[in-house]
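Enquirer: Chains as they are written, first to last, in our numbering: chain A, 614 to 941; chain B, 6 to 248.
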């Protein structure tokens, strides 16, 4: 008993030093600094994009590139909305269902895309998300079609409460994916990315683990979608099946550092606010910024800010999956 | 232990394997030779499940493995290396071996246990002090050793080595050959070894199988095979003289 307590305490102590823990504390204190509702709105969007970008990156880690993550976000958004509209399901209860339908879609997408690699896969995922949007538009009796549906916003539209709800979702998502990166599942995913033939020659079932990556990658964007429609109190196919939601995670991951945990987070922290503020002065100006960032990154910093940070701090390039080096 | 019977494989109009049959006994070190294009690597790909033969039976430990997926065959205990060495470039040496241990090893192990097993395997081949580097910093010989070490992490009963000596210097060749011999002697692993470096293979193996244009043209001890008129006609004459 005492031993267990002591272990718990030492775990807690090492947890405090964990950068993820510190990051979450900072995010939790943010509403104190941001009194302006608009800024809090942007902060909530940043959280959503952090979750989507980190999720997108875990799929990329397995060597699969998606151009269709808006599909997961969108189906999540419509799930919680329609559950509320037709069955009066409380949005908080509906959100887990958003994650579920998103995973079901991922399974379908994964199975359809199994024979495809690299950009063929990317194009297929893009097509699937476009198809979903079209389906929603073509079923106006159920989905409200292109006009969309209005729903009462969550917590009566209270920005602070909504921010904390989204933060809770982000904490679940980030800690799950953080744990995944320290598991043997992650090793299988990276092996698949490096060399699929070698992977199967050492006992990894490529089909199974590629599907796992799809499921993991879809879970939290679906949840975010379920939150988003109730956050804005309105849903239409163009805003949730928005190609912007599919493209942003890649730019964020590449800028911050693809194949790293913190890269997509750093990318989202930089890009989403810049985009929001640009949107006011010039509505599509952020696309220009995207383009410039992408070109500069690929040319000068192909592995993103994380790579530059590592070079600067002199950290070794290879960190074992366990995070810490094991003793010899 | 391994029984290959009348295996056919064609690529379009090319018959890569035309009814190849042979047996491998437990503990043997077999050399598989033949001129370029003889079908040696194709044979490996068929055995390890990457390619499916049109016809024929392949039995490993009495189980018909034709039609099994590569990862299933790996788990049954057949490890392999590749002609052009293929280390997992984004992973540390340790993780290269750990992942094979976890997914291909016959014992179910957790991450922690796999790490200590993997480190032991790396120590066995002399790569332990580079365990936390990526393969990018390794020499060709070290990459090949890493690949063997990764295959050994499966605890295989049969190891397929595809040209382990290509591209190595004479000194490296000697070092690598002694490693391969040690794998058979110390670990008791049965080995089939594709090679073009005759000098090295003829002195090391128990038995040689010669493929030519997709068919087996000779089989026997290195001495017998070297004298075989078919083999000399096919290619050994020139090549062996050079070696």
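We put the CB at the ideal spot given by N, CA and C, even for glycine.
At a CB-CB cut-off below 9 angstroms, which residues of chain A make contact with residue 3 of chain B?
Expert: Any answer about residue 3 of chain B is impossible in this case: the structure gives chain B only from 6 up to 248.
Enquirer: Please specify which runs of the alpha helix (DSSP H), each continuous and at least 4 residues long, are wholly inside the segment 728 to 788 of chain A, giving them in chain order.
Expert: Listed in chain order, the complete alpha helix (DSSP H) runs (minimum 4 residues) inside the segment 728 to 788 of chain A are 731 to 751 and 753 to 756.
Enquirer: Say whether the segment 702 to 716 of chain A touches the segment 822 to 838 of chain A, bearing in mind that this needs 3 or more beta-carbon pairs closer than 8 angstroms, one atom from each stretch.
Expert: Yes, the segment 702 to 716 of chain A touches the segment 822 to 838 of chain A.
Enquirer: Report the residue from A:667, A:857, A:760 and A:720 whose alpha carbon sits nearest the alpha carbon of residue 870 of chain A.
Expert: With distances taken between Cα atoms, residue 870 of chain A lies closest to A:667.
Enquirer: So residue 74 of chain B contacts chain A; which residues on that side make the cut at Cβ distance below 8 angstroms?
Expert: The contacting residues are 813 and 818.
Enquirer: Can you tell me whether residue 34 of chain B is buried or exposed, with buried defined as 16 or more other CB within 10 angstroms of its CB?
Expert: Residue 34 of chain B comes out buried.
Enquirer: How would you list, in chain order, the residues of chain A whose beta-carbon sits under 9 angstroms from the beta-carbon of residue 109 of chain B?
Expert: Under the 9 angstroms cutoff, chain A gives 814, 815, 816 and 817.
Enquirer: If you measure from the beta carbon of residue 724 of chain A to each beta carbon in chain B, is any gap under 7 angstroms?
Expert: Judged by the 7 angstroms Cβ criterion, residue 724 of chain A is not in contact with chain B.
Enquirer: Residues of the segment 82 to 108 of chain B with a CB closer than 8 angstroms to any CB of chain A: list them in chain order, please.
Expert: Listed by position along the chain: 84, 85, 87, 91, 93, 94, 95, 96, 97, 99, 100, 103, 104, 105, 107 and 108.
Enquirer: Can you tell me where the beta strand (DSSP E) holding residue 223 of chain B begins and where it ends?
Expert: Here the beta strand (DSSP E) through residue 223 of chain B covers 220 to 225.
Enquirer: Counting contacts by CB-CB distance shorter than 7 angstroms, is residue 936 of chain A in contact with chain B?
Expert: Bear in mind that a pLDDT of 40 at residue 936 of chain A, under 50, signals an unreliable position, so the number given afterwards is only what the model happens to contain. For residue 936 of chain A, the answer is no, since every Cβ of chain B falls outside 7 angstroms of its Cβ.
Enquirer: Please return the same chain residues whose Cβ sits closer than 7 angstroms to the Cβ of residue 617 of chain A, not counting the five positions on each side in sequence.
Expert: Hits under 7 angstroms: none found.
Enquirer: Under 7 angstroms between the Cβ atoms of residue 779 of chain A and residue 657 of chain A?
Expert: Against a cut-off of 7 angstroms, the Cβ pair of residue 657 of chain A and residue 779 of chain A comes out as a contact.
Enquirer: Considering only residues of the same chain and omitting the five flanking positions on each side of residue 63 of chain B, which have a CB-CB separation below 8 angstroms?
Expert: Excluding sequence neighbours, residue 63 of chain B sits near 7, 8, 9, 10, 12, 51, 52, 69, 70 and 71.
Enquirer: For chain A, find out if any of its Cβ atoms is closer than 7 angstroms to the Cβ of residue 116 of chain B; answer yes or no.
Expert: At least one chain A Cβ lies under 7 angstroms of residue 116 of chain B.
Enquirer: In whole angstroms, what is the alpha-carbon distance linking residue 36 of chain B and residue 211 of chain B?
Expert: Spanning the two alpha carbons is a distance of roughly 8 angstroms.
Enquirer: Find out if the Cβ-Cβ distance for the pair residue 787 of chain A, residue 826 of chain A is shorter than 7 angstroms.
Expert: Cβ atoms of residue 787 of chain A and residue 826 of chain A: not closer than 7 angstroms.
Enquirer: Just to confirm the assignment, what range does the beta strand (DSSP E) spanning residue 85 of chain B have?
Expert: Where residue 85 of chain B is concerned, the enclosing beta strand (DSSP E) stretches over 83 to 85.
Enquirer: Our contact map puts residue 139 of chain B next to residue 95 of chain B with C-beta atoms below 8 angstroms; I'd like the distance itself, whole angstroms only.
Expert: Right, the Cβ-Cβ distance comes to about 7 angstroms (below 8 angstroms), so this counts as a contact.
Enquirer: Going along the segment 768 to 789 of chain A in order, which residues come within less than 8 angstroms of chain B, judged by CB to CB distance?
Expert: Under the 8 angstroms Cβ criterion, the segment 768 to 789 of chain A contributes no residue.
Enquirer: Along the chain, where does the beta strand (DSSP E) that runs through residue 13 of chain B open and close?
Expert: First-last of the beta strand (DSSP E) with residue 13 of chain B: 7 to 16.
Enquirer: Name the chain A residues that come within less than 9 angstroms of residue 55 of chain B, Cβ to Cβ?
Expert: Near residue 55 of chain B (Cβ distances below 9 angstroms), the residues of chain A are 810, 813 and 814.
Enquirer: How many angstroms separate the CA atom of residue 865 of chain A from the CA atom of residue 900 of chain A?
Expert: Roughly 13 angstroms between the two C-alpha positions.
Enquirer: Thinking C-alpha only, which one of B:194, B:189 and B:182 is nearest residue 207 of chain B?
Expert: Of B:194, B:189 and B:182, the residue nearest in Cα terms is B:182.
Enquirer: Drop a sphere of 10 angstroms on the beta-carbon of residue 662 of chain A, count the other beta-carbons inside from all chains shown, and report buried for 16 or more, exposed for fewer.
Expert: Classification for residue 662 of chain A: buried.
Enquirer: Under 7 angstroms between the Cβ atoms of residue 185 of chain B and residue 194 of chain B?
Expert: Going by C-beta atoms, residue 185 of chain B is not nearer than 7 angstroms to residue 194 of chain B.
Enquirer: Please tell me whether residue 223 of chain B and residue 236 of chain B are closer than 7 angstroms, where the distance is taken between their beta carbons.
Expert: Their beta carbons are under 7 angstroms apart, which means residue 223 of chain B touches residue 236 of chain B by this criterion.
Enquirer: Tell me which same chain residues have a C-beta within less than 7 angstroms of the C-beta of residue 232 of chain B, skipping the five on either side of it?
Expert: Counting only Cβ-Cβ distances below 7 angstroms, and skipping sequence neighbours, we find nothing.
Enquirer: Suppose you measure from the CA of residue 939 of chain A to the CA of residue 854 of chain A; what does that come to, to the nearest Å?
Expert: Because the pLDDT of residue 939 of chain A is 35, which lies under 50, any placement of that residue in the model is unreliable, and the number read from its coordinates should be weighed accordingly. In a straight line, the C-alpha of residue 939 of chain A is about 45 angstroms away from that of residue 854 of chain A.
Enquirer: For residue 708 of chain A, which option in A:688, A:776 and A:910 has the closest C-alpha, if you only look at C-alpha atoms?
Expert: For the residues A:688, A:776 and A:910, the minimum Cα distance to residue 708 of chain A belongs to A:688.
Enquirer: Roughly how many angstroms lie between the CA atoms of residue 171 of chain B and residue 153 of chain B, to the nearest whole one?
Expert: Distance between the alpha carbons of residue 171 of chain B and residue 153 of chain B: 14 angstroms.
Enquirer: So, helix, strand or coil for residue 4 of chain B, using DSSP?
Expert: In the structure as shown, chain B starts at 6 and stops at 248, and residue 4 of chain B therefore has no counterpart that could be examined.
Enquirer: Could you spell out the range, first to last residue, of the alpha helix (DSSP H) harbouring residue 145 of chain B?
Expert: Segment 145 to 157, the alpha helix (DSSP H) holding residue 145 of chain B.
Enquirer: Of the residues A:875, A:889 and A:850, which one's Cα is nearest the Cα of residue 918 of chain A?
Expert: For the residues A:875, A:889 and A:850, the minimum Cα distance to residue 918 of chain A belongs to A:875.
Enquirer: By DSSP, does residue 804 of chain A sit in helix, in strand, or in coil?
Expert: Helix.
Enquirer: Given 8 angstroms as the limit, is there contact between the segment 152 to 167 of chain B and the segment 97 to 114 of chain B, that is, 3 or more CB pairs closer than that?
Expert: In short, these stretches touch, since the Cβ pair count reaches three.
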